[in-house]
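Numbering (the working numbering), first residue to last: 4 to 339. Glycine included, each C-beta is placed from N, C-alpha and C at the ideal position. From a predicted model like this one, the values you see are computed outputs, not experimental measurements. Report on the following structure.
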């Protein structure tokens, strides 16, 4: 049981690191840093300079390796050594998309993001193997752990479709929501396999209901945030300073107003938990992270996206969702 807990917590940390890395990818605009998947320009270790992606005479090329030629991506059909002249019959056009820009910083930011994703995938596989220790007494733990492996595989596939679609906003939103689904499964597994402790107070039905409402409002707020992010990407492309002068979409005002509801609801929950004398410090963290999230959102609007604020905004939102889900499990258990 201890080893399972340790692996599960490690996996959860790695998944959150993937979310952090993904936030940095978004912040830096590095989503297309690697135009193919799962390799990067056909390499397991991506290039560091443009010369590695230009055609060269008398050079050994491997099947699947990519070059940039005439503002397009070309893929080697097989292993071969180039002659003194370019041979078009040895190459085929990359057809997944037409994006053919190399930026070494973007490439390595995206590559690091994928490395964290791979590590979390291996950790998930180790967790599934360890879960068979529960098969005799609690098959649900094993089944959920195996399901988690498939969920991670689906998430990896979603990541590939995001690249192939050249960062389609809907697919990015789905990618983020799937990450939160993975977080909830991991938190559930951690909670259900940890040693049980005695509690001092049973949570009221009202408290349990409001916790679920708070969890759902956070999820809605995350979705609204991804809609706002689409507008942010458009603003970034315009390269206009002081984006408050631009036409602001309804999603921004909804997201901003909804944040007040989320904050007040969670402060009310914090007061209820204190009133019912339920021993949990997690709600303190929720309120603190909410304040940080709102302040980072305010700073982005009024100070034209200070460095790191976009990543902080996204990561704290994901942490809030995870903590709220854990508290919901705690109170539900107390109420039985």
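DSSP beta-bridge partners of residue 84: If you number the chain shown from 1, residue 84 lands on position 81. Answer is 63, bridged to residue 84.
Taking the beta strand (DSSP E) that residue 71 falls in, what are its first and last residues? As a first step, residue 71 is located in the chain shown; it is residue number 68 there, counting from the start. Residues 69–72.
Coil, strand or helix - residue 230 by DSSP: Within the chain shown, the letter at position 227 stands for residue 230. Looking at residue 230 - three-state DSSP - the assignment turns out to be helix.
Note down, in chain order, each residue of its chain lying with its Cβ closer than 7 Å to the Cβ of residue 328, except the 5 sequence neighbours on either side. In the chain shown, the residue the question calls residue 328 occupies position 325. Within the same chain, residue 328 has close Cβ partners 187, 190 and 218.
As assigned by DSSP and simplified to three states, the class of residue 102: Within the chain shown, residue 102 is the residue found at index 99, counting from 1. Looking at residue 102 - three-state DSSP - the assignment turns out to be coil, as it is neither helix nor strand.
What does the alpha-carbon distance come out to for the pair residue 333 and residue 175? As a working mapping, residue 333 is identified with position 330 in the chain shown. As a working mapping, residue 175 is identified with position 172 in the chain shown. Answer to the nearest angstrom: the Cα atoms are 31 Å apart.
Please state if the CB of residue 78 and the CB of residue 71 are separated by a distance shorter than 8 Å. One-based indexing of the chain shown puts residue 71 at position 68. One-based indexing of the chain shown puts residue 78 at position 75. Their beta carbons are not under 8 Å apart, which means residue 71 does not touch residue 78 by this criterion.
Backbone CA spacing between residue 19 and residue 166 [nearest angstrom]: Position 16 of the chain shown, counted from the first residue, corresponds to residue 19. Position 163 of the chain shown, counted from the first residue, corresponds to residue 166. Taking the straight line joining both Cα atoms gives about 21 Å.
Since residue 40 is in the alpha helix (DSSP H), which residue starts that stretch and which ends it? In the chain shown, the residue the question calls residue 40 occupies position 37. No alpha helix (DSSP H) contains residue 40, which DSSP labels as neither H nor E.
Work out the CA separation of residue 264 and residue 325 for me, nearest whole Å. Within the chain shown, the letter at position 322 stands for residue 325. Within the chain shown, the letter at position 261 stands for residue 264. So the two alpha carbons sit approximately 19 Å from each other.
Which word fits residue 311, buried or exposed, when buried means at least 16 other C-beta atoms lie within 10 angstroms of its C-beta? Reading the chain shown from its first residue, position 308 is the one you call residue 311. Flag for residue 311 reads exposed.
Quick test of your reading: residue 155 and residue 127, contact by CB under 8 Å. State the CB separation rounded to the nearest angstrom. Looking up residue 155 in the chain shown gives position 152. Looking up residue 127 in the chain shown gives position 124. Going by Cβ atoms, the distance from residue 155 to residue 127 rounds to 5 Å, so yes, they are a contact pair.
Name the two residues that bound the continuous alpha helix (DSSP H) containing residue 78. Reading the chain shown from its first residue, position 75 is the one you call residue 78. Per DSSP, residue 78 belongs to no alpha helix (DSSP H); it is in the beta strand (DSSP E), 75–79.
With three or more beta-carbon pairs closer than 8 Å as the criterion, would you say the region 266–279 touches the region 303–319? no
Quick check on the burial criterion: 16 or more other C-beta atoms within 10 angstroms. Buried or exposed for residue 24? For this step, residue 24 is matched to residue 21 along the chain shown. Residue 24 is buried by the Cβ-count criterion.
Helix or strand or just coil, what does DSSP make of residue 111? By one-based count along the chain shown, residue 111 stands at place 108. Correct three-state label for residue 111: helix.
With distances taken Cα to Cα, identify the nearest neighbour of residue 177 among 58, 230, 210 and 9. As a working mapping, residue 177 is identified with position 174 in the chain shown. Checked all of 58, 230, 210 and 9; the closest Cα to residue 177 is 230.
Candidates 288, 285, 286 and 221: which alpha carbon is nearest residue 259's? As a first step, residue 259 must be located in the chain shown, where it is residue number 256. Nearest of 288, 285, 286 and 221 to residue 259, Cα basis: 221.
Measure the beta-carbon distance from residue 228 to residue 320 and round it to whole angstroms, keeping in mind my assumption that it falls under 8 Å. The residue you call residue 228 lines up with position 225 of the chain shown. The residue you call residue 320 lines up with position 317 of the chain shown. That pair is a contact at about 7 Å.
Under the three-state DSSP convention, the category residue 46 falls into: Looking up residue 46 in the chain shown gives position 43. Note: residue 46 maps to strand in three-state DSSP.
Secondary structure at residue 55, three-state DSSP: helix, strand or coil? The residue you call residue 55 lines up with position 52 of the chain shown. Note: residue 55 maps to helix in three-state DSSP.
Residue 285 and residue 330: beta carbons closer than 8 Å? Counting from one through the chain shown, the residue named residue 285 turns up at place 282. Counting from one through the chain shown, the residue named residue 330 turns up at place 327. Yes, the Cβ-Cβ distance between residue 285 and residue 330 is below 8 Å.
In angstroms with no decimal places, state the Cα-to-Cα distance between residue 254 and residue 223. The residue given as residue 254 occupies position 251 in the chain shown. The residue given as residue 223 occupies position 220 in the chain shown. The alpha-carbon atoms of residue 254 and residue 223 are separated by roughly 12 Å.
Collapsed DSSP secondary structure at residue 197 in the structure displayed: Against the chain shown, residue 197 aligns to sequence position 194. In the structure shown, residue 197 sits in coil (DSSP, three-state: anything other than H, G, I, E or B).
Residue environment, residue 204, which counts as buried when at least 16 other CB atoms sit within 10 Å: By one-based count along the chain shown, residue 204 stands at place 201. Low per-residue confidence applies at residue 204: pLDDT is 46, beneath 50, and the placement is therefore not dependable enough to give any value.
Measure the alpha-carbon distance for residue 64 versus residue 87 and round it to whole angstroms. For the purposes of this step, residue 64 is taken as the residue at position 61 of the chain shown. For the purposes of this step, residue 87 is taken as the residue at position 84 of the chain shown. Going by the C-alpha atoms only, they are around 14 Å apart.
Hey, residue 10 and residue 130: beta-carbon distance below 8 Å or not? Residue numbering aside, residue 10 sits at position 7 when the chain shown is read from its first letter. Residue numbering aside, residue 130 sits at position 127 when the chain shown is read from its first letter. Yes.
Just curious, the beta strand (DSSP E) that residue 96 is in, first and last residue? Stepping through the chain shown from its first residue, residue 96 is reached at position 93. Residue 96 -> beta strand (DSSP E) spans 94–96.
For the 8 Å Cβ check, are there 3 or more pairs between the region 264–274 and the region 286–301? yes
Identify, in the order they occur along the chain, each residue of the same chain with its Cβ nearer than 7 Å to the Cβ of residue 112, setting aside the five sequence neighbours on each side. For the purposes of this step, residue 112 is identified with residue 109 of the chain shown, where counting begins at 1. 27, 28, 31, 33 and 36.
What span of residues does the alpha helix (DSSP H) with residue 169 cover, start to end? Position 166 of the chain shown holds residue 169. Note, residue 169: premise wrong, no alpha helix (DSSP H); not H, not E.
For the alpha helix (DSSP H) containing residue 301, list its first residue and its last residue. Taking the chain shown and counting its residues from 1, one reaches residue 301 at position 298. Residue 301 -> alpha helix (DSSP H) spans 285–305.
Pick out whichever of 140, 83 and 42 has its Cα sitting closest to the Cα of residue 61. As a working mapping, residue 61 is identified with position 58 in the chain shown. For residue 61, the nearest C-alpha among the options comes from 83.
Can you give me the Cβ contacts of residue 201 inside the same chain, cut-off strictly under 8 Å, excluding the 5 residues immediately before and after it? Locating residue 201 in the chain shown gives position 198, counting from the first residue. Low local confidence applies: a pLDDT of 48 at residue 201 is under 50, so the model's placement there is unreliable, and no value is given.
Spatially closest choice to residue 114 from 138, 42 and 139, by CA coordinates: As a working note, residue 114 is residue 111 in the chain shown. When each option's Cα is compared against that of residue 114, the closest is 42.
Would you kindly report the start and end of the unbroken alpha helix (DSSP H) that includes residue 261? Position 258 of the chain shown, counted from the first residue, corresponds to residue 261. Note, residue 261: alpha helix (DSSP H), 253–278.
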